[in-house]
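As structure tokens, the structure follows; a few thoughts come after it.
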Ligand SMILES: Nc1ncnc2c1ncn2[C@@H]1O[C@H](COP(=O)(O)OP(=O)(O)OP(=O)(O)O)[C@@H](O)[C@H]1O
Ligand code: SF4
Ligand SMILES: [Mg+2]
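Structure (structure tokens):
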């Protein structure tokens, strides 16, 4: 069953050069209880999609979608107040550079206390009747920190964000994110600029949350290699267009889009003998800026298989849930 189902999401942003279609008919189906990797180079539109899901856009954006359901709730039909209420309850976001999202003037304890869900009077009364008092906020915070692998909770809670490492701050952010038991966590590049050991710890923690609590995770990254093996499903986007989407097996074993094939080739395989100073694979060229987008398939100028037809946007092809947007997909692997 899908927890989040988005069809043909488009975002037009008004700029000094006129309206720019930064997200062009992106579709995303996130299966309940899964980890879904959303991968694309820097500037491909991952954060814009996350903001559109959360309704965090300003007046210069025009957001349209044929369908945007969270469970059985149609998000396009909600007033912004109701939508914010549902988002606060159901979806939590973890950002890159966690320290900049924590309040530098407050210690960690009051910051976590602020996000703790309030316990209703009805539940308090029920607990009194059942003679099982609710744990104190301090105990609930301690439990949250232990869940994210912070053992020295007293020191962390008494610290300001600047006194803690980036890795600990990210764990605190994750603890705050899970305080409300959200059904979906959107993790936007949660390990950027962290050292490999800390990256590994954060990914392991997200995986544990998914496995133990069945929390669905949408993991945004421009590093295919780092999130590949964590993901049950993978969607690749390029320049605001979905290029390929499917299960881990479909994408890794049978990639059909030239962009996916290129992304897979860029992952270093340490089992293979890489000779000293050998050239590593990269797709030629750079991602174009938002106001210089090619017409039709936006990968065209960089695509090794591009032909004249590619100036027309390819219609998505759906092969048993494996979705490809390309006029000339590889066909020899499926
Ligand atoms: N407020 C805005 N106004 C105009 N253009 C924007 C705005 N926000 C983002 N863009 C453009 O939209 C494109 C996608 O940006 P976005 O930040 O979503 O990329 P991203 O995939 O998250 O990249 P990164 O991996 O670097 O975080 C970029 O070309 C960016 O310049
Ligand atoms: S549609 Fe054309 S340009 Fe786009 S990925 Fe396919 S072959 Fe390349
Ligand atoms: Mg981003």
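In this note's numbering, the protein residues as written are 1 to 334. Backbone N, C-alpha and C define an ideal beta-carbon position, used for all residues, glycine too.
Please find out if some non-hydrogen atom of ligand 3 comes closer than 7 angstroms to the beta-carbon of residue 188.
-> To locate residue 188, count along the chain shown from 1; it is residue 188. In this structure, residue 188 has its beta carbon less than 7 angstroms from a heavy atom of ligand 3.
Between residue 80 and residue 67, what straight-line distance do the alpha-carbon atoms span, to the nearest angstrom? By one-based count along the chain shown, residue 80 stands at place 80. By one-based count along the chain shown, residue 67 stands at place 67. Rounded to the nearest angstrom, the two C-alpha atoms are 17 angstroms apart.
Pick out whichever of 155, 232, 170, 331 has its Cα sitting closest to the Cα of residue 200.
Residue mapping note: residue 200 aligns to position 200 of the chain shown, counting from 1. Comparing Cα positions, the closest option is 170.
* **residue 289 CB to nearest heavy atom of ligand 3 below 7 angstroms** => For the purposes of this step, residue 289 is taken as the residue at position 289 of the chain shown. The answer is no for residue 289.
Margin query: Tell me the rounded alpha-carbon separation between residue 316 and residue 89.
Written below: Residue numbering aside, residue 316 sits at position 316 when the chain shown is read from its first letter. Residue numbering aside, residue 89 sits at position 89 when the chain shown is read from its first letter. So the two alpha carbons sit approximately 33 angstroms from each other.
Check your understanding: How long is the line joining the alpha carbons of residue 179 and residue 160, rounded to whole angstroms?
Key -> The residue labelled residue 179 in the question sits at position 179 within the chain shown. The residue labelled residue 160 in the question sits at position 160 within the chain shown. Between residue 179 and residue 160, the C-alpha separation is close to 20 angstroms.
task: Could you give the DSSP three-state label for residue 179: helix, strand or coil?
output: Here the question's residue 179 lines up with position 179 in the chain shown. Coil at residue 179, not helix or strand.
Margin query: Run through the DSSP bridge pairs and tell me what residue 233 is partnered with.
Written below: Position 233 of the chain shown holds residue 233. Answer is 36, 247.
Exercise for review: Give every residue of the same chain whose Cβ lies closer than 7 angstroms to the Cβ of residue 76, excluding the five residues on either side of it in the sequence, and list them in chain order.
Suggested key: The sequence position of residue 76 within the chain shown is 76, counting from 1. Correct list, in chain order: 65, 68.
- Query: Touching or not, the segment 215-223 and the segment 36-44, by the rule of three or more beta carbon pairs under 8 angstroms?
  - Reply: Enough Cβ pairs lie closer than 8 angstroms, so yes.
Same chain only: Cβ atoms within 8 angstroms of residue 194, ignoring 5 sequence neighbours per side: Here residue 194 is taken as the residue at index 194 of the chain shown, counted from 1. Same-chain partners within the cutoff: 166, 167, 170, 202.
Please determine whether the Cβ atom of residue 156 lies at a distance below 7 angstroms from any heavy atom of ligand 1. As a first step, residue 156 is located in the chain shown; it is residue number 156 there, counting from the start. For residue 156, the shortest separation between its Cβ and any heavy atom of ligand 1 does not lie below 7 angstroms.
For residue 227, I'd like the list of residues in its chain whose CB is within less than 6 angstroms of its CB, leaving aside the five on either flank, ordered along the chain. Translated into positions along the chain shown, residue 227 becomes position 227. Only 37, 219, 221 meet the Cβ criterion.
| Beta-bridge pairing of residue 238 - partner residues as DSSP gives them | Stepping through the chain shown from its first residue, residue 238 is reached at position 238. In DSSP, residue 238 forms a bridge with 241.
State whether the segment 286-302 contacts the segment 232-240, with contact taken as three or more CB pairs (one from each stretch) at a distance under 8 angstroms. With contact defined as three or more Cβ pairs closer than 8 angstroms, the segment 286-302 and the segment 232-240 are in contact.
- What is the chain-ordered set of residues for which the beta carbon lies under 5 angstroms from any non-hydrogen atom of ligand 1? This criterion selects 13, 22, 42, 43, 44, 45, 46, 47, 48, 222, 290.
Q) Roughly how many whole angstroms lie between the Cα atoms of residue 264 and residue 3? A) Translated into positions along the chain shown, residue 264 becomes position 264. Translated into positions along the chain shown, residue 3 becomes position 3. Distance between the alpha carbons of residue 264 and residue 3: 28 angstroms.
- Determine the contact status of residue 208 and residue 157, defining contact as a CB-CB distance below 8 angstroms. Start at 1 with the first residue of the chain shown, and residue 208 comes out as number 208. Start at 1 with the first residue of the chain shown, and residue 157 comes out as number 157. In terms of Cβ geometry, residue 208 and residue 157 do not form a close pair [threshold 8 angstroms].
As an exercise, report each continuous beta strand (DSSP E) stretch of at least 3 residues that is fully enclosed by the segment 130-209, in chain order.
Those beta strand (DSSP E) runs which fall completely within the segment 130-209 and span 3+ residues are 184-188.
Using DSSP bridges, identify the partner residues of residue 29. Position 29 of the chain shown, counting from 1, holds the residue named residue 29. Partner residues in the beta bridge of residue 29, as assigned by DSSP, are 5.
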